[in-house]
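Asker:
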Amino acid sequence: MSAPRPVAGPAVVVLGARGSIPVSGPDFNRYGGWTSCFAIVDGPTVLATVDAGTGLLAMSTHGYAPAAALSVFLTHYHWDHIQGVSMMTEFWDGDCRLTFYGPGDAAAALGGSIRPPWFPVSVDQAPHPVAYRDVDEPVSIGPVRVSSFPVNHPQGAVGYRIDGANRSVAIVTDHESTQATDAVVIDAVRGCDTLIHDAQYLPEEAKTHVGWGHSTWEAAVGMAREVGASDLVLTSHDPRRVDDGVDALVVEAARQLPATVAAAPGLRIGL
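According to my numbering, the residues represented by the sequence shown are 267 to 537, in order.
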């Protein structure tokens with residue numbers, strides 16, 4: 267079976283939306299087991315990604331191919347957000363040059379994890395030199411503008427706002443909601459059309475996971491309402507949450523914000 271034909275124009279496409287670790291099996295078919303990765307595309311070409319979890323390896327599955335120079339905007343450096351780099355064929359074959367944007371020292375974080383003895387080769391052995399940039403200032407990538415903002419997650423993390431000519435999308439993959447930290451995020455994403463937001467825990471689960479750096483569907487709905495987003499996409503699905511469990515979570519959220527869906531591989535959001 268051939269891959270679907272991508273729609274023309276810029277968009278954000280979900281490649282992976284699972285949190286913590288990849289999963290597989292018949293109970294995870296609809297929302298997938300690939301970990302965090304969101305492609306910024308223009309037609310069939312991936313110009314950039316937000317995160318580089320195992321979803322990075324699913325581009326061709328959805329009919330996309332990376333640009334010869336691919337920008338990768340990392341929210342942080344936990345395993346589920348970077349593991350796709352180690353197995354990205356185009357990178358190691360020399361067909362794709364990577365520029366990483368991220369908080370803190372991206373070079374040290376990636377260089378310290380993708381190397382022996384945890385992986386057979388190190389990042390600096392790639393055919394092309396890897397470039398690293400900070401995310402202090404907005405970056406223009408093709409027809410879109412990408413800007414970062416801090417979120418509440420252990421060891422620090424950022425979210426990203428992607429502004430296109432017609433619409434804007436904010437991506438908040440890993441964020442524990444508190445009054446103080448929410449205020450910073452709200453200021454950064456106010457007025458976005460689509461909010462992609464962490465909803466790893468049910469409200470009752472969050473009570474026993476304080477300090478773990480994740481949110482609930484209730485927090486996601488509250489954020490979407492506060493910033494005026496017309497659409498809400500729930501992401502960072504708990505690795506134990508089967509498809510029916512994600513569906514139930516969406517039903518609850520949609521009672522308060524009808525235009526709510528769960529992130530699933532292949533979901534396209536126009537810019």
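Note that CB positions come from ideal geometry on N, CA and C, so glycine has one too. It should be emphasised that the depicted structure is a prediction, and the values quoted were computed from it without experimental measurement.
1. If distances are taken between C-alpha atoms only, which option among Cys362, Ala454 and Leu323 comes closest to Ile348?
2. Can you give me the C-alpha to C-alpha distance between Ile452 and Pro416, rounded to a whole angstrom?
3. Near Val396, what residues of its chain come up, given a Cβ to Cβ distance below 6 Å and the 5 sequence neighbours on each side ignored?
4. With 16 other CB atoms within 10 Å as the buried threshold, where does Asn418 fall?
5. With distance defined between alpha-carbon atoms, name the residue in Pro292, Gly329, Asp429 and Thr460 nearest to Ser413.
6. Residues in its own chain within less than 7 Å of Glu484 by CB, not counting five upstream and five downstream?
7. What beta strand (DSSP E) runs, 3 residues minimum, are completely inside the segment 436 to 501?
8. For His347, which of helix, strand or coil comes out of DSSP?
9. Beta carbon of Asp464, beta carbon of His480: below 8 Å?
10. In whole angstroms, what is the alpha-carbon distance linking Arg381 and Gly477?
11. Report the CB separation of Gly321 from Leu376 in whole angstroms; it is logged as a contact under 8 Å.
12. Which ranges would you report for the beta strand (DSSP E) in the segment 272 to 329 if only whole runs of at least 3 residues count?
13. For Arg363, name the three-state secondary structure that DSSP assigns.
14. With distances taken from CA atoms, which of Thr327, Val307 and Leu533 is nearest Arg411?
15. So Ala335 packs on Gly309, CB below 8 Å; how close in whole Å?
16. In whole angstroms, give me the CA-to-CA distance for Pro420 and Thr341.
17. Runs of 3 residues minimum, wholly inside the segment 355 to 420: which ones carry the beta strand (DSSP E) assignment?
18. Assuming Gly511 is part of the beta strand (DSSP E), what are its boundary residues?
19. Just the C-alpha distance for Ser302 and Gly285, rounded to the nearest angstrom, thanks.
20. What does a CB cutoff of less than 7 Å around Asp509 pick up in its chain, not counting 5 residues either side in sequence?
21. May I ask which residues mark the beginning and end of the beta strand (DSSP E) holding Ser337?
22. Leaving out the 5 sequence neighbours to the left and right, which residues in its chain are closer than 6 Å to Ser268 when beta-carbon positions are compared?
23. Of the choices Gly350, Glu356, Cys362 and Asp402, whose alpha-carbon is the least far from that of Gly241?
24. Using beta-carbon positions only, say whether Leu346 and Ile437 come within less than 8 Å of one another.
Answerer: According to the structure shown:
1. Leu323
2. 11 Å
3. Leu364 and Val389
4. buried
5. Asp429
6. Pro469
7. 460 to 464 and 497 to 501
8. helix
9. yes
10. 30 Å
11. Not confirmed; about 17 Å, so no contact.
12. 276 to 282, 303 to 308 and 311 to 316
13. strand
14. Val307
15. So it is not a contact: roughly 16 Å between Cβ atoms.
16. 12 Å
17. 363 to 367, 397 to 399, 405 to 407 and 410 to 417
18. Looking at the DSSP string, Gly511 is not in any beta strand (DSSP E); the run it does join, the alpha helix (DSSP H), is Asp509 to Gln522.
19. 7 Å
20. Asp293, Phe294, Asn295, Arg296 and Tyr297
21. Ala331 to Phe339
22. Since pLDDT at Ser268 reaches only 45, below the 50 mark, its modelled position is unreliable, and the value read off the structure follows with that caveat. Nothing listed; no residue qualifies.
23. Residue coverage of the chain in this structure runs from 267 to 537, which leaves residue 241 outside it and unanswerable.
24. The sequence as given places Asp at residue 346; Leu does not occur at that position. Against a cut-off of 8 Å, the Cβ pair of Ile437 and Asp346 comes out as no contact.
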